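Engineer: Chains as they are written, first to last, in this note's numbering: chain Y, -16 to 212; chain C, -16 to 212; chain Z, -16 to 212; chain E, -16 to 212; chain H, -16 to 212; chain P, -16 to 212.
After the structure tokens below, expect a handful of questions from me.
6 protein chains.
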Amino acid sequence: MGIVVRHVERTDKSVADAFASFGVATIHEAQGRGGLMGPRITPIYAGAHVSGTAVTVSVPPADNWMIHVAVEQCQEGDVLVVAPTSHSDAGYFGELLATALQTRGVRGLVIDAGCRDVAELTRMGFPVWSRYVSATGTVKETLGSVNIPVVCAGQLVRPGDVVVADDDGVVVVERERAADLLPACAAREDREAKTRERYQAGELSLDLHSMREELAQKGLVYVDQAPDD
Amino acid sequence: MGIVVRHVERTDKSVADAFASFGVATIHEAQGRGGLMGPRITPIYAGAHVSGTAVTVSVPPADNWMIHVAVEQCQEGDVLVVAPTSHSDAGYFGELLATALQTRGVRGLVIDAGCRDVAELTRMGFPVWSRYVSATGTVKETLGSVNIPVVCAGQLVRPGDVVVADDDGVVVVERERAADLLPACAAREDREAKTRERYQAGELSLDLHSMREELAQKGLVYVDQAPDD
Amino acid sequence: MGIVVRHVERTDKSVADAFASFGVATIHEAQGRGGLMGPRITPIYAGAHVSGTAVTVSVPPADNWMIHVAVEQCQEGDVLVVAPTSHSDAGYFGELLATALQTRGVRGLVIDAGCRDVAELTRMGFPVWSRYVSATGTVKETLGSVNIPVVCAGQLVRPGDVVVADDDGVVVVERERAADLLPACAAREDREAKTRERYQAGELSLDLHSMREELAQKGLVYVDQAPDD
Amino acid sequence: MGIVVRHVERTDKSVADAFASFGVATIHEAQGRGGLMGPRITPIYAGAHVSGTAVTVSVPPADNWMIHVAVEQCQEGDVLVVAPTSHSDAGYFGELLATALQTRGVRGLVIDAGCRDVAELTRMGFPVWSRYVSATGTVKETLGSVNIPVVCAGQLVRPGDVVVADDDGVVVVERERAADLLPACAAREDREAKTRERYQAGELSLDLHSMREELAQKGLVYVDQAPDD
Amino acid sequence: MGIVVRHVERTDKSVADAFASFGVATIHEAQGRGGLMGPRITPIYAGAHVSGTAVTVSVPPADNWMIHVAVEQCQEGDVLVVAPTSHSDAGYFGELLATALQTRGVRGLVIDAGCRDVAELTRMGFPVWSRYVSATGTVKETLGSVNIPVVCAGQLVRPGDVVVADDDGVVVVERERAADLLPACAAREDREAKTRERYQAGELSLDLHSMREELAQKGLVYVDQAPDD
Amino acid sequence: MGIVVRHVERTDKSVADAFASFGVATIHEAQGRGGLMGPRITPIYAGAHVSGTAVTVSVPPADNWMIHVAVEQCQEGDVLVVAPTSHSDAGYFGELLATALQTRGVRGLVIDAGCRDVAELTRMGFPVWSRYVSATGTVKETLGSVNIPVVCAGQLVRPGDVVVADDDGVVVVERERAADLLPACAAREDREAKTRERYQAGELSLDLHSMREELAQKGLVYVDQAPDD
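Shown next as structure tokens:
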């Protein structure tokens, strides 16, 4: 209720940047299927893929005052994460705030509410992952907080955590675990590259991953369709 | 239940056309945050932006007969607005009706129900803002009305009102207020252009709009993250 | 609960292929408005249009094991149809499984749950119609069935049926009726082409389809707006 | 935006009261199927049935200040109708405001947002029809308006209109039409009473309302199930 | 499209009746987790529990004509199952139709759309499981069919199948399997009774069902919270 | 992924119990509007009101194995809180598990998924707050965790926190803050009791809380309806 935490400890920039070469699904898998926001958060245009350090904002419903406050706390390489304290479909964010953030080197916005000016945001290449596209205006009357832990689309996000977003959604990586997670992501991609090649050669996962025996043990039965079925 | 109002008074065409240079969010703001349809209405393809005078249609669920009746009431510069009397996800509208409307100079369709033939509508450049994409067919059995006031996506629309739609959604401007609203839209865009320049120069809204004092009065507190937090 | 039916009887390939020249809405209409899945199933990218024979998969919530089993049952010209036994927003399907299916000549996936790797699927041109885009992972622990009748998005699909999908959604044609339905689709398109031409020439459906008398009989009233209304 | 209209003209009290003897469905039918709010508005407890004159409130999201303002405008026989300007699931209303309203003779609340204190409201017998039950608090910071026309759950409500609510939902009757509608409601109930008796005697609506011929004309076919079907 | 099948083969009445002593969850489990309608179908009042043979009705959106046609096809011990061909929240069914059905010995209604007159239906003890409570009226203009297979809330229902409904929802049992399923239901209840007793005596399912070893094999780890955690 | 934390530190029992005398809305307000779960979580029957210490369970979709594991970790005065790792409408919990929990003195269940056996749970007086009522069965195949922090309906819950639930929903109080919060709750109730009395005496909040001046400053305008409006 009205706190701005300054100088939060961020994930090391080289670490946060390195996640941009991995997809959201890969990172989600690599960290034991943690950190994924719910599928109600979707990109306003296709093809964006960003990674950065979270600046978090807890906002009242339909009041975007604290986003203005948060701009000052942002720096090159951040991603802004905005969570309303109760459900809101208002349009908290548009082209002007995006200009301010882009000028500071912020890479994108994740918001569990609405954004607007979609055509302009697309033109300027500032990606947003939101719950709604909505032109509804907001007020500047009630305080919220910046850089406190928030729950956004069912996922806990703390300031300085890594946030990665692509066409599949948004995943969060805890700051303390970020550096250690990168090798796991790379290893996963390597394994997938090998699987891909073998799939392209016509091999089946049933054989590649030796599933047939376990399927049989669980009771899977193969039958042929009777001729007159 | 079964009335067609002909020769409705429309907003002056030059006025209605002039709104096409403003975004939906700008117009919504300029009229004191009125007139916006709910965010459940979305465009079937990105990038369309139209303004026109409303021809309204009240339709039974899954019955598009009155849209056929409404075509005759449409003229160059209109936008068709269709509201079902109870919720329906049927596909009331497709490429054939779009052909008929486009031939008459109608600029687009807003419908709180489903439309279909999305690929063809995209190819022919006839924009639709709808609640659903749905191939479900409709019947032609029950009467509705044309050019009576309707509530579409939570917003009252009267025949002849201005309807503006873009990637952000759909906004309605009352016919009587339309001419007076244009200068307010233009003024708003001017102000935003100035703000944009100053944001690009690195200024903060906190200073530009002198928010710091009011935030402090409301009790906003800045704290530094403790080193061992 | 754990059955794989092999060698199911498929709709004749030339018949199934022929449906690709008709839109989903046309086919839905031509078969008396049957066979359409609900509008919650949407394409992950615009512009895809496929027709093929159904390989069906009944899967537990958030468990994609049976999709791996189903790959082996797929052949050139198939469309995979996946229905969870209870609601799930997990991401059952991604780029690796798509690679395996594409290698076998499968034309697309229809799933009443989530898919992921949308950017890669778009790049490789493997179309998916799904209920969610979701990076959430799945497990491989519980059996389901392949090539049994399933209900997908409210529609019964049997193995070997024709499945057609485009930007409007997904329609199913029963194997036994498929060949007979093609002429009806073609006839419908012909009629629509003629109607289109006449609409383009400015004719009204009210006259073209002689609706005026029936509208009057039902009680439709035309009134002129009073000058001071 | 910040207007309170005092001394609005209300429907005559004896007329408004008389609607309490008719169900919402009956009134909706009697006025040609107009005036019904959408089914997202549900009663917080079963069995309530009220009729009264509307005091309308347009409120910002999650801000209940104007409800406090509206209390003063309420009088014996009113029903409060609250519509947020954008979607909100906050709990605008609880037992204290209900006490204030009940003291003034207000009969109930209709709100297209949340209410709380459901247990207390049930105990004190103050009925509420709401979109959500939600304990989320609201602020008192932004103005709205009292006694202007509002759209609530898709339905236009003007101050002084009759609002009737029961277990089926909420219906609005325009002030000017209210007196004339009462006989139509009574006639409808009479007809239904006669139909009910004949149904209880085993008669079928097919015969009672002579539907068989029209069904046959439309093409209804009766077939017997084949013995081996 | 306009067919009424008469004299459908129903599940033996003694068999259908016997299911009324089992809960929906038990039956769903006993038949291998099949037959359950989606949870969007809820009872209009708590405590009802019925079992009967399905008379199925496929209805157009917001058109209840075929329910009137279906009444004649109903007999003592039936349950009416109504599925709209596209989504509808209209109120298809109320107290008058319930009177007609109750007079014929029908035990309840399952409808994937709206019903109304909830207060009256509760008083007369005619249970309804529906998707919506809605006073919206319907028309009688378009044909549908009676006693054809329908998909209701994601579940295939054929005429004569057993339909069981209670506070948990609605389950369907295929006519051909019904008699054989009864012993499995009874056995399940017996097992549950024994489990219940042992739970009441303080035993744990971990021991009762010997889960500890399998959990350990899968890797479950027990840790004690550190004193200063 | 597969951890059970034993002997978690719980809020002092006398403190946790004391919250049962306050409503969810009061506690939510007293802690600065924190801790409230989203309104999608509703009680399966009206009138329950419990307070207890959280035992948390993170479960896979449609797999209730870990609830069986959690039972052993529960003790007198606990409330079980279950959060699925991705959305699930399966029925995780029924009368048998409730028997096991009730035997151990657990006071209720909060689950962001489905529960079943509603009639039996009501009869035995074991209250559940859930997202769905659903008879869909679950499996016991995949591990989850017990007594780790979970996000349930948008709210962070840690083991040992206080969970209070009534007809308005569910609120969480952090263990460390619980004792200090009780006086604030009591003070709030006292203030409300005084307000209630004054409302009953006919006073207005406009005067009681001196709102008139601030409303005027913000620009609220009172107008009288013109006689011929």
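Note that the Cβ used here is the ideal one computed from N, Cα and C, for glycine as well.
As the structure is a prediction and not an experimental result, all values here were calculated from the model.
1) Beta-carbon of His51 of chain Z versus every beta-carbon of chain Y: anything under 8 Å?
2) Looking only at its chain, what residues have a beta carbon closer than 6 Å to the beta carbon of Val153 of chain C, apart from the 5 residues adjacent to it on each side?
3) Below 8 Å on the Cβ atoms is my guess for His74 of chain E versus Ala118 of chain E; work out the distance and round it to an integer in Å.
4) List the residues that DSSP assigns as beta-bridge partners of Pro26 of chain E.
5) When the Cα of His226 of chain H is compared with those of Z:Pro67, Z:Asn47 and Z:Gln138, which residue comes out closest?
6) Do you know how far the Cα of Leu63 of chain H is from the Cα of Leu203 of chain E?
7) Measure the CB-CB distance between Pro90 of chain Y and Gly35 of chain Y and report whether it falls below 8 Å.
8) State the Cα-Cα distance for the pair Val155 of chain C and Gly15 of chain E, rounded to the nearest angstrom.
9) Name, in chain order, the residues that DSSP records as bridge partners for Pro67 of chain C.
10) Would Thr(-6) of chain Y pass as a contact of Val101 of chain Y if the rule is Cβ separation under 8 Å?
11) Let me confirm a value: Ser128 of chain P is counted as buried when at least 16 other C-beta atoms fall within 10 Å, else exposed. Which label applies?
12) Do you know how far the Cα of Glu55 of chain Z is from the Cα of Val206 of chain Y?
13) Have a look at E:Gln183, E:Cys168 and E:Thr125 and flag the residue whose alpha-carbon is nearest the alpha-carbon of Leu79 of chain H.
14) Give me the chain C residues within the contact set of Val64 of chain Z, using Cβ-Cβ distance strictly less than 8 Å, ordered along the chain.
15) Which residues of chain H have a Cβ atom closer than 7 Å to the Cβ of Tyr205 of chain E, listed in chain order?
16) Determine the chain C residues that contact Thr36 of chain Y at a beta-carbon separation under 8 Å, and present them in chain order.
17) Taking only runs that begin and end inside the segment 90 to 160 of chain P, name each unbroken beta strand (DSSP E) of 3 or more residues, in chain order.
18) Comparing C-alpha positions only, which one of E:Arg171, E:Gly143 and E:Met49 sits nearest to Glu159 of chain E?
19) Helix, strand or coil for Thr36 of chain Z? Go by DSSP, reduced to three states.
20) Which residues of chain E have a Cβ atom closer than 8 Å to the Cβ of Thr119 of chain H, listed in chain order?
21) With burial defined as no fewer than 16 other Cβ atoms inside 10 Å of the residue's Cβ, what is the status of Glu59 of chain P: buried or exposed?
22) Can you name the start and end residues of the beta strand (DSSP E) that Asp207 of chain H belongs to?
23) So with Cβ pairs under 8 Å, would you call Glu55 of chain H a contact of chain E?
24) Using the beta-carbon count (16 or more within 10 Å), is Met49 of chain C buried or exposed?
25) Grab me the residues of Pro213 of chain C's own chain with a C-beta within less than 8 Å of its C-beta, minus the 5 sequence neighbours each way, in chain order.
26) My output table needs one value for Val(-2) of chain Y: the three-state DSSP class, helix, strand or coil.
27) In the DSSP assignment, the alpha helix (DSSP H) including Val7 of chain E goes from what residue to what residue?
28) Just to confirm my understanding: we take Phe109 of chain Y, look at its own chain, exclude 5 residues before and 5 after, and list those with CB closer than 6 Å. What are they?
29) Which whole-angstrom value is the C-beta distance of Val(-12) of chain C and Ala148 of chain C, which I expect to be below 8 Å?
30) Relative to the C-alpha of Phe2 of chain H, which residue among H:Arg174, H:Glu180, H:Cys168 and H:Gln208 is closest?
31) Relative to the C-alpha of Ala136 of chain C, which candidate in C:Ala45, C:Asp46, C:Ser41 and C:Ser4 has its C-alpha closest?
32) Say whether chain C places a C-beta atom closer than 8 Å to the C-beta of Tyr182 of chain Y.
33) With a 10 Å radius around its C-beta and 16 neighbouring C-beta atoms as the bar for buried, classify Asp163 of chain H as buried or exposed.
34) With a CB to CB cut of under 6 Å and the five nearest residues on each side skipped, what residues in its chain are close to His32 of chain E?
35) Tell me the DSSP secondary structure of Pro(-9) of chain H in three-state form.
36) With 8 Å as the threshold, decide whether the Cβ of Ala73 of chain Z is near any Cβ in chain P.
Structural biologist: Quick look at the numbers:
1) Position 68 of the third sequence, counted from the start, is the residue given in the question as residue 51 of chain Z. True, the Cβ-Cβ gap to chain Y drops below 8 Å.
2) Residue 153 of chain C sits at position 170 when you count from the first residue of the second sequence. Cβ within range, chain order: Met20, Ile24, Val93 and Trp112.
3) Position 91 of the fourth sequence, counted from the start, is the residue given in the question as residue 74 of chain E. Position 135 of the fourth sequence, counted from the start, is the residue given in the question as residue 118 of chain E. Checking the sequence shown, residue 74 of chain E turns out to be Gly, not His. Confirmed, Cβ separation roughly 5 Å.
4) Mapped onto the fourth sequence, residue 26 of chain E falls at position 43. Answer by DSSP bridge pairing, in chain order: E:Trp112.
5) Look at the range of chain H in this structure, -16 to 212, and you will see that residue 226 of chain H is not part of it.
6) As a first step, residue 203 of chain E is located in the fourth sequence; it is residue number 220 there, counting from the start. As a first step, residue 63 of chain H is located in the fifth sequence; it is residue number 80 there, counting from the start. If you take the alpha carbons of Leu203 of chain E and Leu63 of chain H, they lie about 20 Å apart.
7) Taking the first residue of the first sequence as position 1, residue 90 of chain Y is located at position 107. Taking the first residue of the first sequence as position 1, residue 35 of chain Y is located at position 52. Reading the sequence as shown, one finds Arg at residue 90 of chain Y and not Pro. In contact: Arg90 of chain Y and Gly35 of chain Y (Cβ atoms closer than 8 Å).
8) Counting from one through the second sequence, the residue named residue 155 of chain C turns up at place 172. Counting from one through the fourth sequence, the residue named residue 15 of chain E turns up at place 32. One C-alpha to the other measures close to 27 Å.
9) Here residue 67 of chain C is taken as the residue at index 84 of the second sequence, counted from 1. In DSSP, Pro67 of chain C forms a bridge with C:Val42.
10) The residue given as residue -6 of chain Y occupies position 11 in the first sequence. The residue given as residue 101 of chain Y occupies position 118 in the first sequence. In this structure, Val101 of chain Y does not lie closer than 8 Å to Thr(-6) of chain Y by Cβ.
11) By one-based count along the sixth sequence, residue 128 of chain P stands at place 145. With 16 or more Cβ atoms within 10 Å of its Cβ, Ser128 of chain P is classed as buried.
12) Here residue 206 of chain Y refers to the residue found at position 223 of the first sequence. Here residue 55 of chain Z refers to the residue found at position 72 of the third sequence. Val206 of chain Y and Glu55 of chain Z: Cα-Cα distance of roughly 14 Å.
13) As a first step, residue 79 of chain H is located in the fifth sequence; it is residue number 96 there, counting from the start. Ranking the options by Cα distance to Leu79 of chain H, first place goes to E:Gln183.
14) In the third sequence, counting from the first residue as 1, residue 64 of chain Z sits at position 81. Here the premise fails: no neighbours, minimum Cβ distance about 17 Å.
15) Locating residue 205 of chain E in the fourth sequence gives position 222, counting from the first residue. Ordered by position in chain H, the residues that pass the 7 Å Cβ test against Tyr205 of chain E are Val(-13) and Arg(-11).
16) In the first sequence, counting from the first residue as 1, residue 36 of chain Y sits at position 53. Near Thr36 of chain Y there are no residues of chain C at all, since even the closest Cβ is about 13 Å away, more than 8 Å.
17) 92 to 98, 111 to 116, 133 to 135, 138 to 140, 145 to 149 and 152 to 156
18) As a first step, residue 159 of chain E must be located in the fourth sequence, where it is residue number 176. When each option's Cα is compared against that of Glu159 of chain E, the closest is E:Gly143.
19) As a working note, residue 36 of chain Z is residue 53 in the third sequence. Three-state DSSP puts Thr36 of chain Z in a strand.
20) Within the fifth sequence, the letter at position 136 stands for residue 119 of chain H. Within 8 Å Cβ-Cβ: His11, Arg16, Leu19 and Pro22.
21) As a working mapping, residue 59 of chain P is identified with position 76 in the sixth sequence. Result: exposed.
22) Residue mapping note: residue 207 of chain H aligns to position 224 of the fifth sequence, counting from 1. That run of the beta strand (DSSP E) goes Val204 to Asp207.
23) The residue given as residue 55 of chain H occupies position 72 in the fifth sequence. For Glu55 of chain H, the answer is yes, since a Cβ of chain E falls inside 8 Å of its Cβ.
24) Numbered from 1 along the second sequence, position 66 holds the residue referred to as residue 49 of chain C. Counting Cβ neighbours within 10 Å, Met49 of chain C comes out buried, since at least 16 surround it.
25) Residue 213 of chain C is absent from the model: chain C starts at -16 and stops at 212.
26) By 1-based counting over the first sequence, the position of residue -2 of chain Y is 15. Note: Val(-2) of chain Y maps to helix in three-state DSSP.
27) Residue numbering aside, residue 7 of chain E sits at position 24 when the fourth sequence is read from its first letter. Val7 of chain E -> alpha helix (DSSP H) spans Val7 to Ala13.
28) Walking along the first sequence from the start, residue 109 of chain Y turns up at place 126. Hits under 6 Å: Ala81 and Gln85.
29) Sequence index remark: in the second sequence, residue -12 of chain C carries index 5 (1-based). Sequence index remark: in the second sequence, residue 148 of chain C carries index 165 (1-based). So it is not a contact: roughly 23 Å between Cβ atoms.
30) Here residue 2 of chain H refers to the residue found at position 19 when the fifth sequence is read from its first residue. For Phe2 of chain H, the nearest C-alpha among the options comes from H:Cys168.
31) The residue labelled residue 136 of chain C in the question sits at position 153 within the second sequence. Here the closest residue by C-alpha is C:Ser41.
32) Mapped onto the first sequence, residue 182 of chain Y falls at position 199. Not one chain C Cβ lies under 8 Å of Tyr182 of chain Y.
33) Working through the fifth sequence from its first residue, we reach residue 163 of chain H at position 180. Burial call: exposed.
34) Here residue 32 of chain E refers to the residue found at position 49 when the fourth sequence is read from its first residue. Correct list, in chain order: Asp149.
35) The residue you call residue -9 of chain H lines up with position 8 of the fifth sequence. Just to set this straight, residue -9 of chain H is Val in the shown sequence, not Pro. Note: Val(-9) of chain H maps to coil in three-state DSSP.
36) Numbered from its first residue, the third sequence carries residue 73 of chain Z at position 90. Yes, its Cβ sits closer than 8 Å to a Cβ of chain P.
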